[in-house]
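Colleague: Counting along the sequence shown from 1, when you hit position 207 you're at 207 in the UniProt record's numbering, and nothing is skipped either side.
Submitted below is the structure of interest, expressed as structure tokens.
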Amino acid sequence: MPAADGVPTAAERAHAHIRDAIVGGGLEPGTMLSENALAAELSMSRTPVRAALARLQEEGWVRIYPQRGAQVLGLSAQEIRESAQLRLALESAGVFHSDEAARRDLDARMQPNLAEQERALHAGDFPAFAEAAMAFHSAFVDLAGNALMTATYGRLRDRQRFSLTHHAGRIIGDADAVIADHRAVLAAAVAGDAVEFTRLLDAHQRDSYGTGGPHL
Numbered sequence: 001m002p003a004a005d006g007v008p009t010a011a012e013r014a015h016a017h018i019r020d021a022i023v024g025g026g027l028e029p030g031t032m033l034s035e036n037a038l039a040a041e042l043s044m045s046r047t048p049v050r051a052a053l054a055r056l057q058e059e060g061w062v063r064i065y066p067q068r069g070a071q072v073l074g075l076s077a078q079e080i081r082e083s084a085q086l087r088l089a090l091e092s093a094g095v096f097h098s099d100e101a102a103r104r105d106l107d108a109r110m111q112p113n114l115a116e117q118e119r120a121l122h123a124g125d126f127p128a129f130a131e132a133a134m135a136f137h138s139a140f141v142d143l144a145g146n147a148l149m150t151a152t153y154g155r156l157r158d159r160q161r162f163s164l165t166h167h168a169g170r171i172i173g174d175a176d177a178v179i180a181d182h183r184a185v186l187a188a189a190v191a192g193d194a195v196e197f198t199r200l201l202d203a204h205q206r207d208s209y210g211t212g213g214p215h216l
């Protein structure tokens, strides 16, 4: 539980640090984690680290082996695919339930975002691209003005970052195509064409990963 004053507890700080390293690519699947090493790295005792690892195991990011440590799990191809399919459904629903005023506002707000995506990709700054891309995609969900849809999409953020990070090389290599795809899906959303938006976004996800299913 958070501290009464709103300051993150040691366990929360440890959880955020380890989770961010996993979803951001700093800790690859299969890596073994030591409570002692993590405690020393974070300048805290083993107790909050143990609590953080237990929480991460509940979330599916690690598997704890008694007396041995915790192994980073990451996401399987099926988990990535299922998460992407849900994001696709939520983004498409956001466009479907949007109104013209919201779509005009979206166009104005996303032009600087697209410029930042393009800058970051060509500069090789993948973390900056990932942040901009996730904001870009979540904006389509927000069009509906549905708090439950927005909250559901937000819970997929770590899975989305993991997916992006673990396909960074492919995305950077296809930088111009990725930006062109994003411009096309934005144009379909602004036009209020939910069917075309869904078609373009589905194709974009498949092309970005080349695995026969949507993942981006």
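Built from N, CA and C at the ideal position, the CB exists for glycine as well.
(1) Please classify residue 160: is it buried, with 16 or more other beta-carbons within 10 angstroms of its beta-carbon, or exposed?
(2) At 4 residues or longer, what runs of the alpha helix (DSSP H) sit wholly inside the UniProt domain "HTH gntR-type" (8-75)?
(3) Report all residues from its chain with a CB closer than 8 Å to the CB of residue 179; omit the five preceding and five following residues, and keep chain order.
(4) Put residue 146 into one of helix, strand or coil per three-state DSSP.
(5) Helix, strand or coil, according to DSSP, for residue 192 in the structure here?
(6) Which same chain residues, not among the five before or five after residue 13, have their C-beta less than 6 Å away from its C-beta?
(7) Kindly indicate which three-state DSSP category residue 90 falls into: helix, strand or coil?
(8) Are there 16 or more other CB atoms within 10 angstroms of the CB of residue 26, so buried, or fewer, so exposed?
(9) If you reduce the DSSP assignment to three classes, tell me which class residue 186 lands in.
(10) Taking the straight line between their C-alpha atoms, what separation do you get for residue 198 and residue 75?
(11) Can you confirm whether the segment 89-106 touches the segment 134-149 when touching is taken to mean that 3 or more C-beta pairs between the two stretches lie within less than 8 Å?
(12) Apart from the five residues on each side of it in sequence, which residues of its chain come closer than 6 Å, Cβ to Cβ, to residue 22?
(13) Beta-carbon within less than 7 Å of residue 133's beta-carbon, same chain only, minus the 5 sequence neighbours each way: which residues are those?
(14) Ignoring anything shorter than 4 residues, give me the alpha helix (DSSP H) runs that lie fully in the segment 90-126, in order along the chain.
(15) Rounded to whole angstroms, what is the Cα-Cα separation between residue 214 and residue 57?
(16) Taking only the alpha-carbon atoms, compute the straight-line gap between residue 55 and residue 151 and give it to the nearest angstrom.
(17) Does any residue of chain B bring its CB to less than 9 Å from the CB of residue 111?
(18) In three-state terms, what does DSSP make of residue 174?
(19) By the 10 Å Cβ neighbour count, where 16 or more other Cβ atoms means buried, how is residue 112 classified, buried or exposed?
Modeller: In brief:
(1) buried
(2) 10-23, 35-42 and 46-59
(3) 114, 117, 118 and 121
(4) coil
(5) coil
(6) none
(7) helix
(8) exposed
(9) helix
(10) 24 Å
(11) yes
(12) 61 and 72
(13) 117 and 164
(14) 100-123
(15) With a pLDDT of only 38 at residue 214, under the threshold of 50, the placement of this residue in the model should not be trusted; the figure read from the coordinates follows. Near 26 Å, if we compare the C-alpha coordinates of residue 57 and residue 214.
(16) 20 Å
(17) Of the protein chains in this structure there is only one, and it is not chain B.
(18) coil
(19) exposed
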